[in-house]
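Report on the structure given below.
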Amino acid sequence: MTGETTVCTAVRIHGRGAQRKALRALLDGLPSRGGRLLLTGEPGLGRTTLLQWAARSFHAGPVLHLGPGTGPDPGAGPTAEQLLAALRTAADAAPALVCVDDAHLWDAPARTALARAAEHLSTAGRVGLLLSAASDRAVAPEFAHLPVVRLDPLAPSRAAALLDDMTDGAAAPAVREQLLAEAEGNPALLAALVRRLSPAELRGHRPLPGPLADAAALAEAAGGAPAVPSAHARDLLLTVAAAVRASDGPDVDAALVRDALLRLRPDPGPGARSRPLPQQLAPAGDRLRFHSPLVRRTVYATATPDGRRAVHRALADALANGGHRLPELLHRSWSLSGPAPAPEQADHLARAAADSTVTATYRLRATAYTRAAELTADAARRAERYTAAAEQALLGGCPQQARPLLAAARDGAVPAAVRGRAELVRGLVELRDGPVGDAHQSLLLAASLLAADAPADAASAALAAADAAWAAGDLPACLATLGPTAPPRATAAVPAHGAHPPGAGAQGEPRATPGPHGRPHTRTAVRPTASHLSHTSASVASAVRDHRIGMRALLEGRFDRAGAPLGQVVRRGLTEDRPEVLLRAAAAALLLGDVDAARGAGARALAAARQLGSDALEPQALEYLAYAELRAGRHPQARAHAEEGLRTALRAGQRNTAAHHRAVLALAASIEEEPDVVARHVTAALATARRHGLAQALTLAQWAAARADLGRGRPFDAADRLGLLVLPGPGRGHFAVWRLAVPCFVEAAVLAGRHEDAREVLADFAGWAAFGADPQAAAQLARCHALLAPPERTDDLYRRALARHDEAGGDFERARTALLYGKWLRRRRRPREARGRLGAALAGFEGCGAGVWAAQARDELRALGAAPQPGGDGAPTRLSRLTPQQLRIARHVAEGATNREVALTLAVSTRTVDYHLRKVFAALGVRSRLELARVIGLAEQDQEARRAAAHQEKTGAQP
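In the numbering used here, the protein residues as written are 21 to 979.
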C-alpha cells in the first residue's frame with residue numbers, strides 16, 4: 021500500500037447496541053451467577069473491539085484474557101480441569117470475567133477443554149466466559165451449545181458515521197460513497213481502504229486507485245489470504261468466488277462449479293473429488309457458498325490474473341447453451357486480457373441486460389451494465405450504461421451501490437438526456453435515503469435536462485420533486501411542481517397521513533424496460549417515461565395526469581374537482597397488476613378516505629413487488645398497508661405491516677422510508693402499555709427526520725409521543741406537545757398531518773384548562789371533516805364539540821358522536837368517545853349510565869389492544885365500584901390500601917403533577933385533591949411527594965414483574 025492517510029482512532033463503537041446490550045446483561049449478572057457467550061462474526065467486524073469494551077466495562081472483579089497456552093504445560097494446552105481450577109481461583113474473592121479472543125484458532129483438544137469448562141461454569145462460581153470466534157468457517161462443534169451473539173455488517177448510516185470518525189469528515193462526497201460501497205459495512209476493510217488513499221485522493225483532488233478494494237486491502241481486513249491444503253481446494257475456492265460474481269445471490273450451483281473445475285483441470289489428481297470441502301465453504305443442498313463474503317472477495321482478489329481469467333473462461337464454457345445468457349456473457353467478459361475497451365463484448369452485455377426475456381434480478385442486470393460500461397470507450401455511451409446500472413441497483417434495493425455508479429457516469433460531454441436520467445436516479449436515491457431538500461433540487465434539475473428529449477421522463481422527475489417537497493412539508497414548492505401555480509387557499513384541507521402527493525407514496529423508483537441501442541428505457545415505479553409510454557397503452561399517462569390534477573385540486577382546497585380524477589386512479593388500480601400503478605391507486609384511495617380500497621390496492625402492490633423481486637418497492641407497499649390499517653383503527657395490523665416494512669426498508673437502505681415506518685410503530689404503540697417502545701421509535705424517527713428534513717415523519721412521531729402522554733393521563737404534557745403541532749405559527753406540523761392530531765389536542769387542552777386554544781383549531785378541523793376523506797373525522801368533531809359544550813348540550817353531542825362512529829367503524833376511536841362520555845356521566849352523578857359507557861369503552865380498548873386506554877377505563881369503573889382493586893391477582897400490594905380515587909391521585913402526583921393539575925385532569929376541586937392526598941400519605945406511611953413517587957414506582961414494578969411471571973407460567977415463554 022502506498023497511501024498516506026492516517027486513520028483516526030474511532031472515539032466510539034458504531035452500530036453495536038444490541039450486542040453491547042447482550043454483553044452488558046452478562047456482566048451485570050456476574051455478581052450473582054455465572055454465564056457464557058460466544059461472539060461471532062466474519063473477520064473485520066469488530067469482535068476484538070467488543071471483547072475489549074466488555075473488559076473495560078467490567079468493574080466488579082478481575083478480568084482474565086485466556087489463550088491456548090494456559091496451564092502448567094503451555095506446549096500441551098490446558099485441560100478442562102485446569103481451566104476450571106483457574107476460573108475458580110479467579111472468582112474466589114470477587115466475580116471474574118474471562119475473555120477468549122479468536123477461540124476458533126485453538127486446536128481441537130484445547131477447544132474441547134474450553135467447551136467443557138464452559139459447561140461447568142455453574143460449579144465454578146461467579147465467572148463469566150466471553151469467547152469470540154470468526155464466522156468465516158462453520159462454528160466448531162465444541163462451541164455449538166453456547167449462546168451466540170452475532171455481528172453483522174454495519175448499516176450504511178453507521179458505516180458512514182464510522183468513516184467520518186476515521187477521516188474527521190475530510191472525505192469528498194463521491195469518495196465517501198465509493199468507500200462505503202466497497203467496504204460493505206466491514207469496519208476493518210473500511211479502515212484499510214482509507215489507509216490506502218493519500219490525502220489528495222481522499223479529498224477528491226486526485227483519481228482513486230482502481231480497484232479500490234485491492235488484494236492487499238482485502239487481505240489486511242480478512243487477516244490474510246485463506247490457507248488451503250491443496251491445489252484442488254484453491255481452484256474450488258476461486259471457482260465458487262468467481263461464479264458468485266455473476267450469480268443472483270451469495271450461493272452458486274454446485275453442478276456448475278464441478279463442470280467448470282473439470283474444464284479448468286481435467287485431471288485434478290487422485291482422490292481430489294472425494295476430499296472434504298474447504299472450511300471456508302458451506303454446502304446448502306445442491307448449492308455452495310462462502311461463510312464470509314469478505315473471505316470470498318479476498319480469495320478472488322488474491323488469485324493471479326491468469327488464474328481468474330481461466331476460471332471465468334471455464335465458467336462461461338460451462339454455461340454456454342444452457343439458457344444462462346447474462347452470466348455467460350459476464351464470465352466471458354471477465355476472461356478478457358487487459359483493461360482495453362471491448363466494444364463488441366460491451367454491446368452484447370448491454371443488449372442482454374436490456375432484454376426483458378432474459379431472466380435476471382435487478383442486481384445482476386446492474387452488474388452487467390457496469391461491466392458493459394467498463395468495456396465501453398465512448399464517453400457518452402459509457403455514462404449512459406453506468407446510469408442504467410445505477411437505475412437497476414436502485415430497483416434492487418442497493419442505493420449504496422447506485423451512488424458510486426452515478427459518480428462514474430459524470431462526464432461533461434454526455435447528452436443532456438443522459439445527464440437528466442442520472443440526476444433523476446440521484447434524486448430518487450436521496451428521496452429515500454438522504455436530505456429531501458437535496459432530492460428536490462436534483463429532481464428539478466432532472467426535469468429541466470429531460471424536458472427537450474424526454475418530456476414524459478421530465479414529468480416523472482417533476483412529480484418526484486413534488487414528492488420531495490411533500491416529504492419536507494413545503495406546500496408552495498409542492499404546488500409549484502404539480503402544475504400552473506396559483507396561491508393556495510389559506511384554509512385548504514389536505515390529505516391525511518400516509519397519503520403522499522402526485523406519485524403514489526413518493527415512489528419514483530426507476531424500472532427498466534427494453535429499448536433500442538442496448539439500454540433499458542426508464543419508467544418510475546409510479547410514473548412511466550416517454551420511452552415506456554411508447555411500449556404501453558396511453559392509460560398510464562392518463563393515470564399520471566389524473567393523479568396530478570386530483571392532488572393539486574386537493575391541495576388548493578377545490579374538493580369538488582379532486583374527487584373525480586382521484587377516483588379514476590383508484591378504479592384503474594382494480595384491473596392492474598403492476599406494483600407502481602397499484603401504489604398510486606392506494607395513495608388516491610387514502611386521499612379519498614376509502615380505506616378498504618387502499619388496503620386492497622396496497623396488498624396487491626406488495627404481492628406484485630415481491631413477485632418481481634423489487635426490494636425498492638416492497639417497503640413502500642408495506643408503508644401504504646400500515647397507513648391504511650392505522651386509518652381504519654386496526655392498530656395491531658398496522659404494527660405488523662410497519663414492523664415488516666421497517667426491516668425491508670433498512671435492508672434496502674431506505675432510511676427515510678424506515679423513519680415513516682418507525683412513526684407508524686410509535687403511533688401503534690402509543691395506545692398500548694409500552695412507553696419504552698413508543699420512546700424508542702419516536703427517538704429513531706426524529707433522528708432521521710431532523711437530519712433529512714422529513715417534516716411528515718417528524719409530525720407523526722411527535723403526535724405519537726403526545727398521544728402516549730394523553731393515554732397515560734398526562735394531559736398537560738400532551739397539550740404542550742400537540743399545541744406546537746396544531747396551533748398557528750411557524751412550528752405548526754406538516755400540512756397533511758396536523759389536522760389529524762386536532763382531536764387529541766382538543767381532549768388534552770380541555771383537560772389542561774386551555775379551552776380557548778381548543779376552540780381555535782376546531783373551525784379548520786370542521787372543514788376537513790366536511791370533505792369526507794377521513795371516515796372518523798365527523799365523529800371526532802362531534803366528540804370535540806361535546807368536550808367544549810355546556811352541560812345541556814353535551815349529552816346529545818356524545819350520542820351523536822357515537823352514532824357517527826357506528827357508521828364509520830373503528831373500535832379505538834369509538835371506545836375513546838365512550839370513555840369520555842362515561843367520565844362525564846360519572847361526574848354528573850349518573851352511575852348506571854356511566855357504567856354502561858365505560859364497560860363498552862373497556863371492551864373496545866381490550867379488543868384492539870389499547871392497553872393504556874383500557875387502564876383508564878378500569879380506573880373509572882373502579883371509582884364506580886364496578887371493577888376489582890389493584891392486585892386482584894391474589895397478591896396484595898401496598899397500593900391496595902388506597903381507594904380508587906386515592907390511587908388515581910397518588911399516581912398523578914407520583915408523576916410530578918401539582919394538585920391543581922391533578923384537579924383539572926380528574927375534573928374535581930383542588931380541595932378534594934388535598935383531602936385525598938392527606939389520606940394517601942397516612943395510608944402509605946410517607947411524608948413527602950418524593951417518598952410517594954418511590955413507593956408508587958416500586959409497587960408498580962412489583963406488580964408488572966408478577967404479571968410477567970404469570971404470563972411466562974401460562975405460555976411457557978422464556979424470559
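Don't be surprised by glycine CBs; every beta carbon is placed ideally from N, CA and C.
Tell me whether residue i sits in a helix, a strand or coil according to DSSP, three-state version.
{"i": "residue 703", "result": "helix"}
{"i": "residue 355", "result": "coil"}
{"i": "residue 304", "result": "strand"}
{"i": "residue 78", "result": "coil"}
{"i": "residue 60", "result": "strand"}
{"i": "residue 118", "result": "strand"}
{"i": "residue 755", "result": "coil"}
{"i": "residue 462", "result": "helix"}
{"i": "residue 171", "result": "coil"}
{"i": "residue 654", "result": "coil"}
{"i": "residue 946", "result": "coil"}
{"i": "residue 265", "result": "coil"}
{"i": "residue 856", "result": "helix"}
{"i": "residue 189", "result": "coil"}
{"i": "residue 225", "result": "coil"}
{"i": "residue 731", "result": "helix"}
{"i": "residue 809", "result": "coil"}
Under 7 Å Cβ to Cβ from residue i, same chain only, skipping five residues before and after it: list those, please.
{"i": "residue 1029", "result": "The requested residue 1029 does not occur in the structure, where the chain is confined to residues 21 to 979."}
{"i": "residue 498", "result": "486, 489, 490, 521 and 575"}
{"i": "residue 39", "result": "70, 169 and 171"}
{"i": "residue 762", "result": "746, 781 and 785"}
{"i": "residue 902", "result": "910, 940 and 943"}
{"i": "residue 833", "result": "653, 796, 799, 800 and 825"}
Assuming residue i contacts residue j under a Cβ cut-off of 8 Å, what Cβ separation, rounded to an integer in Å, is found between them?
{"i": "residue 636", "j": "residue 414", "result": "6 Å"}
{"i": "residue 336", "j": "residue 352", "result": "4 Å"}
{"i": "residue 350", "j": "residue 380", "result": "That pair is no contact at about 10 Å."}
{"i": "residue 579", "j": "residue 791", "result": "5 Å"}
{"i": "residue 281", "j": "residue 256", "result": "7 Å"}
{"i": "residue 864", "j": "residue 655", "result": "Contact doesn't hold; Cβ gap of about 12 Å is too wide."}
{"i": "residue 384", "j": "residue 473", "result": "Not really, about 29 Å apart at Cβ, beyond 8 Å."}
So does residue i have its beta carbon nearer than 7 Å to some heavy atom of the ligand ATP?
{"i": "residue 784", "result": "No copy of the ligand ATP appears in this structure; indeed no ligand is present at all."}
Return the chain-ordered list of same chain residues with a C-beta closer than 6 Å to the C-beta of residue i, the five sequence neighbours on each side being excluded.
{"i": "residue 683", "result": "705, 717, 720 and 721"}
{"i": "residue 1005", "result": "Given that the chain is displayed from residue 21 to residue 979, the structure contains no residue 1005 and the question cannot be resolved."}
{"i": "residue 19", "result": "Only positions 21 to 979 of the chain appear in this structure, which leaves residue 19 out of reach."}
{"i": "residue 243", "result": "63"}
{"i": "residue 176", "result": "420 and 673"}
{"i": "residue 402", "result": "393 and 396"}
{"i": "residue 585", "result": "566, 569 and 570"}
{"i": "residue 713", "result": "455, 456, 457 and 492"}
Hey, residue i and residue j: beta-carbon distance below 8 Å or not?
{"i": "residue 830", "j": "residue 652", "result": "yes"}
{"i": "residue 837", "j": "residue 878", "result": "no"}
{"i": "residue 599", "j": "residue 625", "result": "yes"}
{"i": "residue 302", "j": "residue 158", "result": "yes"}
{"i": "residue 799", "j": "residue 819", "result": "no"}
{"i": "residue 264", "j": "residue 272", "result": "yes"}
{"i": "residue 463", "j": "residue 476", "result": "no"}
{"i": "residue 137", "j": "residue 34", "result": "no"}
{"i": "residue 681", "j": "residue 643", "result": "yes"}
{"i": "residue 470", "j": "residue 478", "result": "yes"}
{"i": "residue 596", "j": "residue 875", "result": "no"}
{"i": "residue 205", "j": "residue 56", "result": "no"}
{"i": "residue 222", "j": "residue 187", "result": "yes"}
{"i": "residue 641", "j": "residue 620", "result": "no"}
{"i": "residue 914", "j": "residue 958", "result": "no"}
Identify, in the order they occur along the chain, each residue of the same chain with its Cβ nearer than 8 Å to the Cβ of residue i, setting aside the five sequence neighbours on each side.
{"i": "residue 630", "result": "638"}
{"i": "residue 857", "result": "838, 839, 841, 842 and 845"}
Practice task
Report yes or no: do three or more beta-carbon pairs, one from the region 669-687 and one from the region 723-736, lie closer than 8 Å?
Solution key: yes
Exercise for the section: Would you check if the region 311-327 and the region 255-268 touch, i.e. whether three or more CB-CB distances between them fall below 8 Å? Expected result: yes
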